[in-house]
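Undergrad: Protein sequences, first through last, are from chains A, B, C and D. One point on numbering: in my numbering, the residue at position 150 of the first sequence is 150, and numbering is uninterrupted. One point on numbering: in my numbering, the residue at position 270 of the second sequence is 270, and numbering is uninterrupted. One point on numbering: in my numbering, the residue at position 186 of the third sequence is 186, and numbering is uninterrupted. One point on numbering: in my numbering, the residue at position 164 of the fourth sequence is 164, and numbering is uninterrupted. Dropping the structure in here first, questions after.
4 protein chains.
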Amino acid sequence: MMIQFQCDYNEGAHPAIMERLVATNMEQTAGYGEDSYCARARRAIIEAIGCPDASVHFLVGGTQANTTVIASLLRPYQGVICAHTGHINVHETGAIEHTGHKVLALPANAGKISALQIEQAVADHLAEDGPEHMVQPGMVYISFPTETGTIYSKQQLSDIYSTCQRLNLPLFIDGARLGYGLASPECDITLADLPHLCDVFYIGGTKVGALFGEAVVFTNRRFDVRDFRYHIKQQGAMLAKGRLLGIQFLTLFSDNLYLSISKHAVKQALRIRDAFSRRDIDFLVDSSTNQQFPILTTEQIEILGKQFVFSPWTRIDQSRTAVRFCTSWATRPEAVDALIAAIEKL
Amino acid sequence: MMIQFQCDYNEGAHPAIMERLVATNMEQTAGYGEDSYCARARRAIIEAIGCPDASVHFLVGGTQANTTVIASLLRPYQGVICAHTGHINVHETGAIEHTGHKVLALPANAGKISALQIEQAVADHLAEDGPEHMVQPGMVYISFPTETGTIYSKQQLSDIYSTCQRLNLPLFIDGARLGYGLASPECDITLADLPHLCDVFYIGGTKVGALFGEAVVFTNRRFDVRDFRYHIKQQGAMLAKGRLLGIQFLTLFSDNLYLSISKHAVKQALRIRDAFSRRDIDFLVDSSTNQQFPILTTEQIEILGKQFVFSPWTRIDQSRTAVRFCTSWATRPEAVDALIAAIEKL
Amino acid sequence: MMIQFQCDYNEGAHPAIMERLVATNMEQTAGYGEDSYCARARRAIIEAIGCPDASVHFLVGGTQANTTVIASLLRPYQGVICAHTGHINVHETGAIEHTGHKVLALPANAGKISALQIEQAVADHLAEDGPEHMVQPGMVYISFPTETGTIYSKQQLSDIYSTCQRLNLPLFIDGARLGYGLASPECDITLADLPHLCDVFYIGGTKVGALFGEAVVFTNRRFDVRDFRYHIKQQGAMLAKGRLLGIQFLTLFSDNLYLSISKHAVKQALRIRDAFSRRDIDFLVDSSTNQQFPILTTEQIEILGKQFVFSPWTRIDQSRTAVRFCTSWATRPEAVDALIAAIEKL
Amino acid sequence: MMIQFQCDYNEGAHPAIMERLVATNMEQTAGYGEDSYCARARRAIIEAIGCPDASVHFLVGGTQANTTVIASLLRPYQGVICAHTGHINVHETGAIEHTGHKVLALPANAGKISALQIEQAVADHLAEDGPEHMVQPGMVYISFPTETGTIYSKQQLSDIYSTCQRLNLPLFIDGARLGYGLASPECDITLADLPHLCDVFYIGGTKVGALFGEAVVFTNRRFDVRDFRYHIKQQGAMLAKGRLLGIQFLTLFSDNLYLSISKHAVKQALRIRDAFSRRDIDFLVDSSTNQQFPILTTEQIEILGKQFVFSPWTRIDQSRTAVRFCTSWATRPEAVDALIAAIEKL
């Protein structure tokens with residue numbers, strides 16, 4: 001049996017979630033997220049982020065969350081600024097464009113973009129002779145952590161958000177792996193900082209302990225997003241048995257579960273990182289979260305590939321490829337032990 | 001505690017499904033529906049419908065299924081013919097229009113449209129002087145059972161499909177409540193008849209025993225739908241942990257579970273129908289499936305409303321309203337006993 | 001040679017327009033409507049309507065004008081209320097739906113809808129249990145004159161606009177044939193009344209003397225439509241040599257040309273109406289504008305069809321069809337003389 | 001009075017076109033391009049390109065032509081490959097994305113992309129693990145001449161088209177300035193070669209002698225584009241008085257007018273090019289068509305800017321900017337004389 005480090009959604013849900021789902025299974029509740037579990041989960045999240053005016057909506061998946069949020073914030077002629085490597089730019093089959101909006105991709109540095117780049121992109125647009133012939137930058141999308149596991153520092157986020165505020169652009173943080181970012185030893189922000197660093201973000205459940213589910217949080221500090229439930233429904237993202245989302249997030253936000261399982265995942269990832277480092281194997285980027293991108297030779301890939309599943313990521317040169325190893329809340333330390341042993345024998 | 005007959009998604013999933021989800025929870029599988037559970041579920045469905053060339057795709061919800069199928073079949077300037085009361089026309093927040101297509105609504109008779117109406121709609125279009133100024137009818141959508149619980153006879157379906165074949169229009173059957181249609185004592189078709197009566201249909205799971213999930217079946221007899229997985233992903237309808245859908249449908253299509261739980265629901269609904277009938281209470285339509293639409297006086301609604309939850313449907317006149325009582329796989333006979341007792345006291 | 005009463009765009013432009021186009025042909029101007037002719041035309045229109053805060057934009061055609069205005073005013077989950085017979089509902093190949101919005105069609109009475117119908121449609125929406133499952137009414141579209149030549153009275157318009165104001169809905173008047181409405185002897189409004197009776201309207205040029213062109217006027221009294229030029233460009237509706245529109249509208253709004261040529265058209269139409277009336281021939285609707293819809297027998301259609309071109313409109317019964325005769329600024333009185341002579345011989 | 005070299009649409013139309021428009025002004029014809037002038041213009045173009053099976057459609061402007069053609073050829077999940085500098089990628093306000101499609105931009109070399117780049121882009125897509133998570137390349141768009149005035153050689157076009165044929169991708173050539181490309185002394189293709197080098201192209205009128213208008217030509221050799229008129233109408237691109245387009249293109253394709261006026265424009269552009277070259281002034285790219293992009297110092301720009309209008313294009317460094325000088329069919333040799341004199345004095 002192969003051991004999988006292929007992605008962070010290989011397993012089902014944290015056992016505590018399965019228990020709650022089973023325990024509540026035959027209860028009768030209203031549909032579409034208007035049940036008491038959703039209400040309680042919303043309150044738990046609002047308390048955890050310390051933002052009483054926030055509104056919280058539960059969606060099933062990340063592409064839905066990204067598409068619904070972005071389509072709700074842009075005017076038809078506006079586009080969304082993001083890193084060239086951003087998930088919405090490369091791995092969502094044009095779901096954003098399908099809603100009519102251009103993705104304005106900027107060159108990424110280790111998966112990140114900077115306040116300066118955003119400022120420049122907007123300045124370039126305004127400097128155009130006839131700006132209406134170009135897509136108007138209408139909001140900014142970043143991922144935390146990024147698609148390659150890196151994280152923005154508090155200062156970087158703060159700079160980006162100040163720039164967005166000055167330019168009147170909503171800032172949206174894709175938190176599909178939010179827990180794994182917050183759990184990083186290099187992370188200098190907390191969940192409660194987020195509402196001060198952006199206008200809307202989502203707390204990823206699918207990759208962090210849930211069967212599925214993303215909690216979209218609008219801080220409502222600068223922008224008043226009316227009628228978001230209409231957007232959700234129109235995008236086909238309103239789950240009939242919405243309580244499944246409420247129950248899951250309520251569990252994740254009880255007893256600090258979300259962060260504690262995230263820490264477990266990151267701890268295992270760093271063990272893997274250290275094992276590769278000890279063998280002087282380089283990395284595509286310097287990641288302190290649950291995704292690690294060592295650069296391996298074809299031979300090393302072949303050897304590790306006999307026992308472990310992991311993903312090819314980027315061809316580096318004729319003989320070397322960056323690959324991805326993911327851990328998650330579900331990663332067994334014994335599986336990592338086995339991987340480390342294999343790395344040491346490389 | 002109120003007893004709910006409000007809809008057919010008040011509870012979680014059939015216990016057999018919950019058991020399988022728990023039992024497989026920590027297994028590692030590939031994502032996005034490319035795991036062995038999905039493969040087995042696809043085979044089970046293909047066997048059940050007796051259509052070896054069919055392709056089966058699992059989506060999370062009904063709006064997603066409708067939108068993704070319809071957007072995959074229409075050219076940009078085409079619209080979808082449906083009943084005025086069709087779900088896509090009234091209860092999906094314009095999700096079809098959001099993909100760029102007009103819903104061409106025809107007057108419904110007890111929720112149904114006829115082969116003749118379809119033929120006439122297409123003839124009217126072609127008779128236009130300058131048909132390109134109007135939306136071209138590009139496919140037909142019907143629901144089985146309909147939104148008001150009625151069902152098409154085999155002859156009616158056969159007529160509609162012959163017409164669609166002659167006019168080169170794909171026919172799509174929304175089976176959000178398919179089980180409850182097939183389980184009706186008045187239904188003269190079987191699951192295995194469906195591939196001969198349409199080009200694509202879906203087998204509803206959300207309302208028939210699953211936590212969520214709809215199995216879209218393309219018969220591939222007349223139309224070759226390429227690249228449907230791209231459509232699914234673009235619509236935000238590709239579940240990361242796709243196996244959750246595979247496990248659920250595999251369970252529903254083992255031991256005839258899908259039909260047996262459907263029969264239970266219909267049996268309970270007919271008990272309710274008979275109770276109202278015995279009181280000489282009229283119905284909005286003559287339904288033999290899991291939804292019943294008795295026409296009640298304001299006073300009757302008030303009395304029953306003290307103990308039971310049900311939905312207002314259509315105002316009939318100053319003093320009377322058609323309301324909806326739904327049963328499902330989860331309806332307890334004792335709950336129906338209580339309702340019948342209350343009806344008898346009206 | 002057949003005499004054409006088929007539509008109101010059979011000829012080119014009013015000679016005064018052709019003269020100006022030729023006279024200015026080799027001048028060099030900026031593109032995209034940023035030339036001095038457009039500026040002057042905008043001022044002439046603003047003066048004619050007496051609404052100094054209005055913004056005026058020139059588009060090439062009616063479908064463009066409708067689509068661009070509507071897409072600029074609606075949120076993604078909103079639809080536009082209109083008459084079932086409205087041009088956007090039937091004769092624009094789903095251009096509105098193509099921008100993602102449902103057309104919420106209400107039954108029309110002689111092409112018109114009422115304030116009460118609008119109020120009821122919105123009330124019905126709000127009364128829904130779960131309004132977010134339905135398209136939200138987001139604006140109202142009416143045509144003046146309507147597609148069947150009828151006109152709203154000042155009182156009717158005023159009632160509709162009051163209702164829209166109370167419901168916070170923008171009101172948009174499609175004025176493709178605006179001149180022919182204002183020129184009607186039954187019309188009790190003037191061009192200068194329009195800014196007080198709606199939020200946006202357009203002054204049709206294509207059918208009223210121009211080669212092409214529609215002047216969209218936002219009153220900016222209630223709604224601030226930002227960045228409309230971006231919308232125009234995105235819709236492919238920004239003419240490179242925008243001055244062609246400016247020159248045409250400047251000419252139409254010099255020396256009262258727009259109204260005087262409209263009056264000519266209506267006068268000729270009423271001569272046709274009276275000729276049919278004298279023969280006791282009924283009409284589909286009672287029109288006092290440039291379109292007349294007599295109900296003719298198959299035999300009468302055949303006889304008139306030998307000499308004149310006109311359009312079939314609506315089948316009335318086995319033997320009778322309503323047909324359309326259009327006049328325009330270009331209709332020669334001699335052509336109408338010939339038609340009247342033929343009618344008298346029927 | 002400033003002399004304008006700002007763009008190639010500063011003036012009206014070639015006098016021969018104005019004459020024909022005036023001469024035919026009061027004729028009565030059918031609308032929407034179904035008149036005899038359009039029919040004759042279509043035949044004239046089909047004869048000029050020597051492709052009897054081609055279908056020809058007239059649209060008003062370039063953005064319309066690009067959007068309508070691309071939207072008619074792509075499936076919803078597909079994107080269009082083009083140069084990063086391509087008009088559809090930068091100067092159409094996201095009109096392509098507005099129809100739901102991603103623009104897949106490749107790095108351009110002097111405005112051009114290569115067969116190899118296209119091949120690689122498709123190979124990269126297919127090599128993806130889960131290609132359905134990315135937009136599928138569905139067609140290729142190039143401009144001839146490019147946005148910076150360069151032209152593909154016959155060999156380059158032939159290589160690109162062979163690649164597209166092998167990959168089953170439609171190839172679309174944007175010919176907004178087609179005449180100015182064909183008239184270049186470096187051009188080694190003729191109009192009659194085009195149907196053998198792509199699947200669809202358009203012959204630009206707006207910038208080459210017409211008031212407005214683009215003739216879209218589908219060769220119908222590999223792809224059968226059904227129902228294109230529905231697409232045109234839906235995009236708001238169907239001109240009511242369609243004959244205006246027929247008359248213009250009929251004139252342009254009589255007496256070799258299209259090519260002869262194009263040659264005039266190129267001749268004047270090359271005079272400008274030579275004048276800058278004689279002063280050892282560098283160019284952004286090596287253009288042999290009607291657009292020239294000399295790199296000027298701030299001081300030189302200031303001096304020339306006193307007498308001439310031209311456009312800033314790209315900042316090169318602190319002190320130098322590439323600017324654009326355009327000629328057209330309407331450029332007076334005396335205006336170029338004046339410009340050359342000024343250049344010589346720099």
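We treat Cβ as the ideally placed atom computed from N, Cα and C, and that holds for glycine. Since the model is a prediction, treat every value here as computed from it, not as a measurement.
#1: Can you list, in chain order, the residues of its chain with a C-beta nearer than 8 Å to that of residue 70 of chain A? Leave out the 5 residues immediately preceding and following it.
#2: With 16 other CB atoms within 10 Å as the buried threshold, where does residue 345 of chain D fall?
#3: Identify the contact partners of residue 7 of chain C in chain D, using a Cβ-Cβ distance below 9 Å as the criterion.
#4: Using 10 angstroms around the beta-carbon of residue 2 of chain B, count the other beta-carbons present and answer buried if the total reaches 16, otherwise exposed.
#5: According to DSSP, simplified to helix, strand and coil, what is residue 42 of chain C?
#6: Using a Cβ-Cβ cutoff of less than 8 Å, which residues in the same chain neighbour residue 371 of chain A once the five nearest sequence positions on both sides are dropped?
#7: Taking CB distances under 8 Å as the criterion, tell me whether residue 129 of chain A reaches chain D.
#8: Mind checking if residue 208 of chain D is an interface residue toward chain A, Cβ cutoff 8 Å exclusive?
#9: Apply the 10 Å Cβ neighbour rule to residue 210 of chain A and answer buried if 16 or more other Cβ atoms are within range, or exposed otherwise.
#10: Is residue 306 of chain B buried or exposed, if buried means 16 or more other CB atoms sit within 10 Å of its CB?
#11: Along the beta strand (DSSP E) that carries residue 104 of chain C, what are the first and last residues, could you check?
#12: Between residue 64 of chain B and the rest of its own chain, which residues show a CB-CB distance below 7 Å, the 5 nearest in sequence each way excluded?
#13: Start and end of the beta strand (DSSP E) containing residue 137 of chain B?
#14: Would you kindly check if the distance between the Cβ of residue 195 of chain B and the Cβ of residue 45 of chain B is under 8 Å?
#15: Ends of the beta strand (DSSP E) at residue 214 of chain C?
#16: If you draw a straight line from the C-alpha of residue 243 of chain A to the C-alpha of residue 18 of chain A, how long is it?
#17: With DSSP as the reference, please indicate the residues paired to residue 109 of chain D in a beta bridge.
#18: Beta-carbon separation of residue 246 of chain C and residue 5 of chain C under 8 Å?
#19: Output yes if chain B places a C-beta closer than 8 Å to the C-beta of residue 310 of chain A; else output no.
#20: Taking the alpha-carbon of residue 112 of chain D as reference, which of D/323, D/85, D/127 has the nearest alpha-carbon?
#21: Would you say residue 134 of chain B reaches chain C, if we count a Cβ-Cβ gap shorter than 8 Å as a contact?
#22: Measuring alpha carbon to alpha carbon, tell me which residue in D/12, D/14, D/164 is nearest residue 222 of chain D.
#23: Check whether the Cβ of residue 347 of chain A lies closer than 8 Å to any Cβ atom in chain D.
#24: Compute the Euclidean distance between the alpha carbons of residue 322 of chain A and residue 302 of chain A, then round it to the nearest angstrom.
#25: Please check if any C-beta of chain B sits within less than 8 Å of the C-beta of residue 263 of chain A.
#26: Are any of the Cβ atoms in chain B nearer than 8 Å to that of residue 69 of chain C?
#27: Does the beta-carbon of residue 292 of chain C have 16 or more other beta-carbons within 10 angstroms, so that it is buried, or is it exposed?
#28: Can you pull the chain D residues whose beta carbon is under 7 Å from the beta carbon of residue 90 of chain A, in chain order?
#29: My guess is that residue 148 of chain D and residue 110 of chain D are in contact by the Cβ rule of under 8 Å, so how many angstroms apart are they, rounded?
#30: Residue 218 of chain A: which of A/66, A/12, A/91, A/35 sits nearest, CA to CA?
#31: In the segment 167-191 of chain C, which residue ranges form an unbroken beta strand (DSSP E) of at least 3 residues, counting only runs that do not cross its ends?
#32: I'd like to know if residue 137 of chain A contacts chain D, where contact means its C-beta is closer than 8 Å to some C-beta of that chain.
#33: When the Cα atoms are used, what is the spatial distance from residue 216 of chain D to residue 232 of chain D?
#34: Residue 305 of chain A lies in the beta strand (DSSP E); which residues open and close that run?
#35: Just to make sure I have the definition right: I need the residues of chain A whose C-beta is within less than 8 Å of the C-beta of residue 229 of chain C. Which are they?
#36: Step through the CB atoms of chain C and report whether any lies within less than 8 Å of the CB of residue 77 of chain A.
TA: In brief:
#1: In the first sequence, counting from the first residue as 1, residue 70 of chain A sits at position 70. Excluding sequence neighbours, residue 70 of chain A sits near 80, 88, 96, 99, 101, 139, 141, 172.
#2: Indexing the fourth sequence from 1 puts residue 345 of chain D at position 345. So residue 345 of chain D counts as exposed.
#3: For the purposes of this step, residue 7 of chain C is taken as the residue at position 7 of the third sequence. Within chain D, the residues 30, 31, 240 have their CB atoms less than 9 Å from the CB of residue 7 of chain C, given in chain order.
#4: In the second sequence, counting from the first residue as 1, residue 2 of chain B sits at position 2. The residue in question, residue 2 of chain B, is exposed, as its Cβ has fewer than 16 Cβ neighbours within 10 Å.
#5: For the purposes of this step, residue 42 of chain C is taken as residue 42 along the third sequence, with counting starting at 1. In the displayed model, residue 42 of chain C falls within a helix according to three-state DSSP.
#6: Shown here, chain A extends from 1 to 346; a query on residue 371 of chain A therefore has no answer.
#7: As a first step, residue 129 of chain A must be located in the first sequence, where it is residue number 129. Yes - at least one Cβ of chain D is within 8 Å of the one on residue 129 of chain A.
#8: Within the fourth sequence, the letter at position 208 stands for residue 208 of chain D. Not closer than 8 Å to any Cβ of chain A, the Cβ of residue 208 of chain D fails to qualify, so no.
#9: Numbered from 1 along the first sequence, position 210 holds the residue referred to as residue 210 of chain A. Its Cβ being crowded by 16 or more others within 10 Å, residue 210 of chain A is buried.
#10: Here residue 306 of chain B refers to the residue found at position 306 of the second sequence. With fewer than 16 Cβ atoms within 10 Å of its Cβ, residue 306 of chain B is classed as exposed.
#11: Within the third sequence, numbered from 1, the residue matching residue 104 of chain C stands at position 104. Where residue 104 of chain C is concerned, the enclosing beta strand (DSSP E) stretches over 103-106.
#12: Stepping through the second sequence from its first residue, residue 64 of chain B is reached at position 64. Within the same chain, 235, 237 come within 7 Å of residue 64 of chain B by CB-CB distance, once the 5 residues on both sides are set aside.
#13: The sequence position of residue 137 of chain B within the second sequence is 137, counting from 1. Run containing residue 137 of chain B: 136-143, per the beta strand (DSSP E) assignment.
#14: Position 45 of the second sequence holds residue 45 of chain B. Position 195 of the second sequence holds residue 195 of chain B. The Cβ atoms of residue 45 of chain B and residue 195 of chain B do not sit closer than 8 Å to each other.
#15: If you number the third sequence from 1, residue 214 of chain C lands on position 214. Per DSSP, the continuous beta strand (DSSP E) segment holding residue 214 of chain C begins and ends at 214-218.
#16: Position 243 of the first sequence, counting from 1, holds the residue named residue 243 of chain A. Position 18 of the first sequence, counting from 1, holds the residue named residue 18 of chain A. Straight-line Cα distance between these residues: approximately 13 Å.
#17: Working through the fourth sequence from its first residue, we reach residue 109 of chain D at position 109. Beta bridge pairing from DSSP links residue 109 of chain D with D/112.
#18: Residue 246 of chain C sits at position 246 when you count from the first residue of the third sequence. Residue 5 of chain C sits at position 5 when you count from the first residue of the third sequence. No, the pair does not count as a contact, with Cβ atoms beyond the cut-off.
#19: Position 310 of the first sequence, counting from 1, holds the residue named residue 310 of chain A. Residue-level contact check: residue 310 of chain A does not touch chain B, since none of the beta carbons of chain B fall below 8 Å from its beta carbon.
#20: Working through the fourth sequence from its first residue, we reach residue 112 of chain D at position 112. The residue among D/323, D/85, D/127 with its C-alpha nearest the C-alpha of residue 112 of chain D is D/85.
#21: Numbered from 1 along the second sequence, position 134 holds the residue referred to as residue 134 of chain B. Residue 134 of chain B counts as touching chain C.
#22: Indexing the fourth sequence from 1 puts residue 222 of chain D at position 222. Cα-wise, what sits closest to residue 222 of chain D is D/164.
#23: This structure cannot speak to residue 347 of chain A, because chain A is shown only from 1 to 346.
#24: Translated into positions along the first sequence, residue 322 of chain A becomes position 322. Translated into positions along the first sequence, residue 302 of chain A becomes position 302. If I take the Cα positions, the gap works out to 13 Å.
#25: Here residue 263 of chain A is taken as the residue at index 263 of the first sequence, counted from 1. No, its Cβ sits nowhere closer than 8 Å to a Cβ of chain B.
#26: Taking the first residue of the third sequence as position 1, residue 69 of chain C is located at position 69. The beta carbon of residue 69 of chain C sits no closer than 8 Å to any beta carbon of chain B.
#27: On the third sequence, position 292 is the one that residue 292 of chain C refers to. Buried, because 16 or more other Cβ atoms sit within 10 Å of the Cβ of residue 292 of chain C.
#28: Locating residue 90 of chain A in the first sequence gives position 90, where the first residue counts as 1. Taking a Cβ-Cβ cut-off of 7 Å, the neighbours of residue 90 of chain A in chain D comprise 134, given in sequence order.
#29: If you number the fourth sequence from 1, residue 148 of chain D lands on position 148. If you number the fourth sequence from 1, residue 110 of chain D lands on position 110. Confirmed, Cβ separation roughly 7 Å.
#30: Here the question's residue 218 of chain A lines up with position 218 in the first sequence. Between residue 218 of chain A and the set A/66, A/12, A/91, A/35, the nearest pair of CA atoms involves A/66.
#31: Whole beta strand (DSSP E) segments, 3+ residues: 171-174.
#32: Residue mapping note: residue 137 of chain A aligns to position 137 of the first sequence, counting from 1. It does not: the Cβ of residue 137 of chain A has no partner Cβ on chain D nearer than 8 Å.
#33: For the purposes of this step, residue 216 of chain D is taken as the residue at position 216 of the fourth sequence. For the purposes of this step, residue 232 of chain D is taken as the residue at position 232 of the fourth sequence. So the two alpha carbons sit approximately 11 Å from each other.
#34: Position 305 of the first sequence, counting from 1, holds the residue named residue 305 of chain A. Per DSSP, residue 305 of chain A belongs to no beta strand (DSSP E); it is in the alpha helix (DSSP H), 298-305.
#35: If you number the third sequence from 1, residue 229 of chain C lands on position 229. Below the 8 Å Cβ cutoff, chain A contributes 132 as neighbours of residue 229 of chain C, in chain order.
#36: Your numbering for residue 77 of chain A matches position 77 in the first sequence. For residue 77 of chain A, at least one C-beta of chain C is nearer than 8 Å to its own C-beta.
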